[in-house]
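Here the structure comes first, spelled out in structure tokens, and everything after it is commentary.
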Amino acid sequence: MITERLELLRELVPGLHRLAVIVRSDPGLDQKLQDVRSEARRKGIEPLVLEATTGKALELAFARLRGERCEAIYAASGPLGPAKRTRIIALAAESGLPAIYSFRIFPAEGGLMSFAADKRTCSAVPQVLSTGSSRVPSPLLCPLSHPANSNWQ
Numbered sequence: 106m107i108t109e110r111l112e113l114l115r116e117l118v119p120g121l122h123r124l125a126v127i128v129r130s131d132p133g134l135d136q137k138l139q140d141v142r143s144e145a146r147r148k149g150i151e152p153l154v155l156e157a158t159t160g161k162a163l164e165l166a167f168a169r170l171r172g173e174r175c176e177a178i179y180a181a182s183g184p185l186g187p188a189k190r191t192r193i194i195a196l197a198a199e200s201g202l203p204a205i206y207s208f209r210i211f212p213a214e215g216g217l218m219s220f221a222a223d224k225r226t227c228s229a230v231p232q233v234l235s236t237g238s239s240r241v242p243s244p245l246l247c248p249l250s251h252p253a254n255s256n257w258q
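106 is the number of the first residue of the sequence shown in this note's numbering; add one for each residue after it.
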């Protein structure tokens, strides 16, 4: 699903070159990072991996991604706790950068989009803020703010 997530970000940011990859120390992190780095580089995207294991580290990661001229955000870690999830969504919105998440809970709580497995259908389903479109919305139609719902499928 890494490939699909990167493709969705490229639709929002044509010519995407610099991607912030935010992670925490989840089980299997090394393999996930290797896969993300490999796929990003194959697509001509330079990944900047930022580890955010605490709230302070998350704040510092977002400060750094702005300084490093990242053009999009890929939150590659798990669903996090409610407080940290709310904070990462808010920081992504404040940054003005499109962000994709690995779990559906993020857009349900105001994040821009996710691409994740749907356990009900055993398939992958993108979730994006509701814009009435059947494809990934353009950045002009998709403001980075807290949406009321996210039922795009």
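Where is the CB? At the ideal position from N, CA and C, for every residue including glycine.
* Whole angstroms is fine: what's the gap from residue 202's alpha carbon to residue 179's? => Numbered from 1 along the sequence shown, position 97 holds the residue referred to as residue 202. Numbered from 1 along the sequence shown, position 74 holds the residue referred to as residue 179. Cα-Cα distance, rounded: 10 Å.
* Counting pairs of beta carbons, one from the region 151-171 and one from the region 208-216, are three or more of them closer than 8 Å? -> No, because fewer than three Cβ pairs between the region 151-171 and the region 208-216 fall closer than 8 Å, the two stretches do not touch.
* In the structure shown, what three-state DSSP assignment does residue 156 receive? -> Residue numbering aside, residue 156 sits at position 51 when the sequence shown is read from its first letter. The answer is strand: DSSP assigns residue 156 an E or B state.
* Buried or exposed: where does residue 218 fall if 16 or more other Cβ atoms within 10 Å of its Cβ makes it buried? -> Counting from one through the sequence shown, the residue named residue 218 turns up at place 113. Answer is buried; the Cβ neighbour count reaches 16.
* Would you call residue 187 buried or exposed, if buried means 16 or more other Cβ atoms sit within 10 Å of its Cβ? -> Counted from its first residue, the sequence shown places residue 187 at position 82. With fewer than 16 Cβ atoms within 10 Å of its Cβ, residue 187 is classed as exposed.
* Where residue 152 falls, given that 16 or more other Cβ within 10 Å makes a residue buried -> Walking along the sequence shown from the start, residue 152 turns up at place 47. Counting Cβ neighbours within 10 Å, residue 152 comes out buried, since at least 16 surround it.
* Asked: Who are residue 151's beta bridge partners in DSSP?
  -> Position 46 of the sequence shown, counted from the start, is the residue given in the question as residue 151. Answer is 123.
* **Strand pairing of residue 128, partner residues [DSSP]** => Position 23 of the sequence shown, counted from the first residue, corresponds to residue 128. In DSSP, residue 128 forms a bridge with 156.
* Asked: If you compare alpha carbons, which of 183, 149, 118 and 147 is closest to residue 128?
  -> The residue you call residue 128 lines up with position 23 of the sequence shown. Residue 183 is the option with its Cα nearest to residue 128.
* Report, in whole angstroms, the separation of the C-beta atoms of residue 114 and residue 205, which I expect to be a contact under 8 Å. => Residue numbering aside, residue 114 sits at position 9 when the sequence shown is read from its first letter. Residue numbering aside, residue 205 sits at position 100 when the sequence shown is read from its first letter. By a beta-carbon distance limit of 8 Å, residue 114 contacts residue 205. Their separation comes to about 6 Å.
* **Under the three-state DSSP convention, the category residue 181 falls into** => Locating residue 181 in the sequence shown gives position 76, where the first residue counts as 1. Coil, per DSSP.
* **Nearest to residue 119 (by Cα), restricted to the options 176, 216, 200 and 164** => Here residue 119 refers to the residue found at position 14 when the sequence shown is read from its first residue. Considering only alpha carbons, the answer is 176.
* Asked: Where do the ends of the alpha helix (DSSP H) carrying residue 192 lie?
  -> On the sequence shown, position 87 is the one that residue 192 refers to. Counting along the chain, the alpha helix (DSSP H) containing residue 192 begins and ends at 187-200.
* Give the range of the alpha helix (DSSP H) segment to which residue 174 is assigned. => Translated into positions along the sequence shown, residue 174 becomes position 69. Run containing residue 174: none; DSSP gives neither H nor E here.
* **Simplified DSSP state of residue 118, which is helix, strand or coil** => Residue 118 sits at position 13 when you count from the first residue of the sequence shown. In the structure shown, residue 118 sits in coil (DSSP, three-state: anything other than H, G, I, E or B).
* **Neighbour-count burial assignment, residue 149, 16 or more Cβ in a 10 Å radius** => For the purposes of this step, residue 149 is taken as residue 44 along the sequence shown, with counting starting at 1. Residue burial is scored here from C-beta neighbours: residue 149 has fewer than 16 other C-beta atoms within 10 angstroms and is therefore classed as exposed.
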